[in-house]
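Chains as they are written, first to last, in our numbering: chain A, 251 to 358; chain G, 308 to 488. For glycine and all other residues, C-beta sits at the position ideal for the given N, C-alpha and C. So the structure is just underneath, and the comments pick up after that.
Here you go:
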């Protein structure tokens, strides 16, 4: 969808993932999107270096999210939201992960 | 001129700002170091955040900074004789959704720091309070407002444009409390 802007589809997928799920960690992104951890970390670092994303440690996990202080954050958000809405439903579903709480041991 | 080992944050900022200017770069000092300078170190920062006003060649900067002893270490530039370090946050210089247009040419001895104006410094700190709920940044904004005689109303319109009127009211209230204490 935005490959032309982002140079490749991996960055687009990562940004879609964070857009849909909020703060996310590299291993989670790599697992759900079936990407290598190396690739995910590389693109996350690039996006952080350019100010698009920020990260912080929560426990031992580094979470990445959109940088609300990025001057084009609102416009980027609108662009990504629109691009995401153009995806086929089955592709949209690929980005979903459960964020609701779940008691330990509770059956799925 | 002092040697780097003996420079305080303002002197070092001026030295680096002049050096970058002499190499035809156009940077503006932003972040916590501006708070340090405007409040005479009531808040002590160690990082000098220089934001490029136009595109720069980072490989060339690396070579140029090495000439004055600052070596790249991860994403920062460090000097063996000082605890202060240089960072180059991603451009463009902005406070929230507003581009930074004014530059304060702050004289420190023979040097000149090209830095945020006190008003933009307050906005910069308030951004961290608005978007990340950083209480320390709120206190920094208040410190700069008090030490530089900037009234909260000066940033009210900007805060409204950012959609943060409630948090602006907290800033104004806490500023008044400190002012009247």
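In the assembly as shown, residue 433 of chain G is a buried residue. Its beta-carbon has 16 or more other beta-carbons within 10 Å.
Per the coordinates, the alpha-carbon of residue 342 of chain G lies some 8 Å from the alpha-carbon of residue 352 of chain G. Listed along the chain, the chain A residues whose CB falls inside 7 Å of the CB of residue 401 of chain G are 321. Between residue 371 of chain G and residue 311 of chain G the beta-carbon gap is near 16 Å, outside 8 Å, which marks them as no contact. As a beta-bridge residue in DSSP terms, residue 306 of chain A pairs with A/313. The Cβ atoms of residue 426 of chain G and residue 457 of chain G lie closer than 8 Å to each other. Residue contact with chain G for residue 356 of chain A: absent (no Cβ-Cβ distance below 8 Å to any residue of chain G). When DSSP states are grouped into helix, strand and coil, residue 418 of chain G belongs to the strand group.
Of all alpha-carbon atoms in G/479, G/355, G/345 and G/368, the one lying nearest the alpha-carbon of residue 329 of chain G is that of G/368. For residue 405 of chain G, the three-state secondary structure derived from DSSP is strand. Of the residues G/402, G/355 and G/350, the one whose Cα lies closest to the Cα of residue 468 of chain G is G/402.
For residue 404 of chain G, at least one C-beta of chain A is nearer than 8 Å to its own C-beta. In this structure, residue 347 of chain G lies away from residue 419 of chain G, with their beta-carbon atoms at least 8 Å apart. Nearest Cα to residue 414 of chain G within the set G/422, G/407 and G/408: G/422. Under the three-state reduction of DSSP, residue 318 of chain A is assigned to coil, being neither helix nor strand.
Proximity of chain A to residue 397 of chain G at the Cβ level (cut-off 7 Å) is accounted for by 299, 300 and 301, in chain order.
At least 8 Å separates the CB of residue 332 of chain A from every CB of chain G. Per the C-alpha coordinates, the member of A/269, A/294, A/277 and A/303 positioned closest to residue 310 of chain A is A/277.
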